[in-house]
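With the UniProt record's numbering, letter number 201 in the sequence shown gets 201, and the count goes up by one each step, no holes.
Even for Gly, the Cβ is constructed at its ideal location relative to N, Cα and C.
Values in this document were obtained by computation on a predicted structure and should not be read as measured data.
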Amino acid sequence: MEHIFTLMKEQVLLSLQDLWKSIVNNGLELVVKILITLLVFFIGKKIIKMLLGTVERAFNRGKMEAGVKGFLLAFMRAIFYIILIWIILVQIFSVKDASLVAVLGSAGLSIGLALQGGLSNFAGGIIILLLRPFKVGDYIIYGANEGTVISTDIFYTKMLTADNRLVVMPNGALSNSSIINTTNETQRRLDFNIVVSNTEDIDRVKKVLNVVIEKNEKVIKEAANTVFVNSFDTGTITMGIRVWVKKEDYFTGKSELLEGIKKEFEENQVKIPM
Numbered sequence: 001m002e003h004i005f006t007l008m009k010e011q012v013l014l015s016l017q018d019l020w021k022s023i024v025n026n027g028l029e030l031v032v033k034i035l036i037t038l039l040v041f042f043i044g045k046k047i048i049k050m051l052l053g054t055v056e057r058a059f060n061r062g063k064m065e066a067g068v069k070g071f072l073l074a075f076m077r078a079i080f081y082i083i084l085i086w087i088i089l090v091q092i093f094s095v096k097d098a099s100l101v102a103v104l105g106s107a108g109l110s111i112g113l114a115l116q117g118g119l120s121n122f123a124g125g126i127i128i129l130l131l132r133p134f135k136v137g138d139y140i141i142y143g144a145n146e147g148t149v150i151s152t153d154i155f156y157t158k159m160l161t162a163d164n165r166l167v168v169m170p171n172g173a174l175s176n177s178s179i180i181n182t183t184n185e186t187q188r189r190l191d192f193n194i195v196v197s198n199t200e201d202i203d204r205v206k207k208v209l210n211v212v213i214e215k216n217e218k219v220i221k222e223a224a225n226t227v228f229v230n231s232f233d234t235g236t237i238t239m240g241i242r243v244w245v246k247k248e249d250y251f252t253g254k255s256e257l258l259e260g261i262k263k264e265f266e267e268n269q270v271k272i273p274m
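As structure tokens, this is what we get:
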């Protein structure tokens, strides 16, 4: 392994020495080449933009999923720019293919070792696109964050939370972690607890809570909704509530239920420990 690194190092040094000699001996020519390089890069950039635009329109006509489209466009952009830089080095600066391959190989190996996490994220992005545990527009829960997926790029996936925070998640971690996708199902279950005084009659509290559930329009009445005793604590009874709502009513449904419970408790004089 050390022998390989030594040979690559010697090849890189020879290439750099040749480049330096060229700079010293051909100053004016180098200026011209730099100007031509800038022109070629500018034209190449325009061509790349045009090609990517054409490809994107083709993807749109084919109704390609947004996450797959974004990943492929980012990957193609990187490849096009690598080709452009290769053309500039070989055609304008007359860098030999063998020398360039040696330099790029050495640089690629060094960068690869330094950016193992980046390569892992790239592989993770491919896994996500192949297995498709989620797509752009899905509402997912990942660790302590949850929100709507807005893009999947080469290395990262971006998610917008309900309070408008942008969360950038590495694809490598996503592909190796548990993700909850709430978009695949049409219904979600609301689970929460209500604490009442231990002097309250349990059956009466259940009846009041069931009235709130029946009155709430967002609760799916045909589902297996339930009210139960969750636990007993010092001076209190914790009542558990499980109700089903449409996924789009998840947040508003819970808020309305809590508001309804507060009003019904006040009307029926159910004591809530303070």
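By Cβ distance below 8 Å, which residues in the same chain neighbour residue i in space, the five residues on each side in sequence not counted?
| i | result |
| --- | --- |
| I111 | With a pLDDT of 49 at I111, under the threshold of 50, the modelled position of that residue is not reliable, and the figure given next carries that caveat. Within the same chain, I111 has no close Cβ partners at all. |
| N193 | N230, T238, M239, G240 and I241 |
| L129 | G67, V68, F71 and T152 |
| A78 | I154 |
What does DSSP give as the partner residues of residue i in its beta bridges?
| i | result |
| --- | --- |
| S197 | T236 |
| R242 | D191 and T226 |
| V219 | V245 |
| S231 | T238 |
Comparing alpha-carbon positions, which option in the options lies nearest residue i?
| i | options | result |
| --- | --- | --- |
| V40 | F59, G70 and W86 | W86 |
| R204 | F122, E217 and E267 | E267 |
| Q269 | V208, G235, Q187 and L84 | V208 |
| F228 | I127, I47 and V196 | V196 |
| T37 | L84, V212, F265 and K247 | L84 |
| N176 | E222, V212 and I126 | I126 |
| Y81 | F155, K63, I43 and E214 | I43 |
| L166 | T199, N184 and N145 | N145 |
So, at 7 Å on beta carbons, what are the nonlocal neighbours of residue i in its own chain, with the 5 sequence-adjacent residues on each side left out?
| i | result |
| --- | --- |
| N181 | P133, F134, D138 and I140 |
Got a sec? Which residues, its chain only, sit under 6 Å from residue i by beta carbon, not counting five neighbours each side?
| i | result |
| --- | --- |
| D233 | none |
| I150 | K158 and L160 |
| K263 | none |
| E65 | K135 |
| K218 | V245, D249 and G253 |
Which first and last residues belong to the alpha helix (DSSP H) in which residue i is found?
| i | result |
| --- | --- |
| L89 | L89 -> no alpha helix (DSSP H), and no H or E assigned at all. |
| E65 | E65 -> no alpha helix (DSSP H), and no H or E assigned at all. |
| T252 | Y250 to E267 |
Should residue i be listed as close to the ligand ZN, given that the test is whether its C-beta is under 8 Å from any heavy atom?
| i | result |
| --- | --- |
| K46 | The ligand ZN is not part of this structure, which contains no ligands at all. |
Write down every uninterrupted run of the alpha helix (DSSP H) in the UniProt domain "Mechanosensitive ion channel MscS" (119 to 183) whose length is 4 residues or greater and which is fully enclosed by it, in chain order. 171 to 175
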